[in-house]
Every structure is written in structure tokens, then in C-alpha cells.
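Engineer: 3 is the number of the first residue of the sequence shown in this note's numbering; add one for each residue after it. Glycine is no exception: its CB is placed at the ideal position from the N, C-alpha and C atoms. All figures in this text were calculated on a predicted structure; none of them were measured in a lab. Before I ask anything, let me first share the structure, which is written out below as C-alpha cells.
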Amino acid sequence: MHEKAANKIIIKNKNKMSKSKNKVSLIGIIGKDAMAYKTQGGVPYTRFSLATSKGGYKKADGTEVPEVTQWHNIICWRGLAEVAAKYVKKGMKVAVDGEIVYGYYDKQGVTCMSIDIVADDVVMMSRPKDEAVDMSAPEEGAQQPEPTPKDDLPF
């Protein structure tokens, strides 16, 4: 069976089961600086916490619904881990794409479950608070871009 959707041809095979998908995208605020580690085999990984919030609001009847914040444990591996360890700082806004991974561990005889997001991609959407840059004035000695002559405009 073939379908055409938005300039794409989608081929569906009725004889095979659908593929499964484990994908998550989050945008939130870093809870504390990323912490770098290495496995016993020397593979670098980094952990940090990410807060996502669903804003509070007021219902039509005047009832206040408070803001709800969820905390997510993020793990980055190898090269991404090294970059995250260097640049991901408390208070930054970041976007994370990855997959949900469930783990189990023993804590004083009780089996506990952990839920982590293993990041495929981390995009820094803001700077850390202590590295804020004033964009209103150019730095001393910085080259100013030359204005484009009006007769060179393409329109």
C-alpha cells in the first residue's frame, strides 16, 4: 500500500509489525552543573538534572491550579558527555532529545527503579547566569560590520 503525504511517499507493509519507538524531547532548566564520570573501562559519561514545568493557571470558577515541575535525570555518553560536562551549567535552558531507560538497583535490600533519559542531542538555548553577555554595546576593539551599500541590496 502506498500513500502520498506532503511530497513523501509512505510505504506500508501489512505483513510486518509496526516498528516501536522510544524517543523523548524535553526543554527545561538545568538544576545543577553537569557532573562528569568515567566507567571502569574509561568511557566518559555525564549526569545532570533537568526541570520541566507546566504553568499554573486560574480556572473559570476562580480556582488556582499551581505550577507543576517534573525533574528528569539526563545521562550523556562519550563525546556528548565531554561537551555537556564543560558547558551545561545550573540555570541554563536546554533542549534534550533522547530515549527513556529504566534501571533497577538494590538499596539496603529493597529493589528500586531509576528512570533516566539517555541523551542523543543537547542544545544549549541560553547562557549560564554568571556568563551573561551585554549585547547592547560592542566590546572594545571589536570590529564593527561594514554597512551594506543601498545599491548592493538584492531587492
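#1: Which residue from M94, V120 and Y107 puts its Cα closest to that of S128?
#2: Which partner residues does Q72 have in the DSSP bridge list?
#3: Using a Cβ-Cβ cut-off of 7 Å (strictly less than) and excluding sequence neighbours within five positions of C78, which residues of its own chain qualify?
#4: Name the one or two DSSP bridge partners that T113 has.
#5: Look at the Cβ atom of A97, then the Cβ atom of W73, and state whether they are nearer than 7 Å.
#6: When the Cα atoms are used, what is the spatial distance from K21 to K60?
#7: Since V45 and E101 should fall inside the 8 Å C-beta cutoff, what is the C-beta to C-beta distance between them, to a whole number of angstroms?
#8: Would DSSP call V26 helix, strand or coil?
#9: Give the straight-line distance between the Cα atoms of G81 and A62, rounded to the nearest whole angstrom.
#10: For I76, is the classification buried or exposed, using 16 other Cβ atoms within 10 angstroms of its Cβ as the cut-off for buried?
#11: Between the Cα of K56 and the Cα atoms of L28, V70, K109 and Y104, which residue gives the shortest distance?
#12: DSSP beta-bridge partners for E66?
#13: Got a sec? Which residues, its chain only, sit under 7 Å from A38 by beta carbon, not counting five neighbours each side?
#14: Can you give me the start and stop residues for the beta strand (DSSP E) that A36 sits inside?
Structural biologist: Put simply:
#1: M94
#2: T54
#3: Y47, T48, A86, A121 and V124
#4: D108
#5: no
#6: 41 Å
#7: Their Cβ separation, rounded to whole angstroms, is 18 Å, which puts V45 and E101 out of contact at 8 Å.
#8: strand
#9: 49 Å
#10: buried
#11: V70
#12: K60
#13: P46, T48, A83 and A87
#14: Where A36 is concerned, there is no enclosing beta strand (DSSP E), given that its DSSP letter is neither H nor E.
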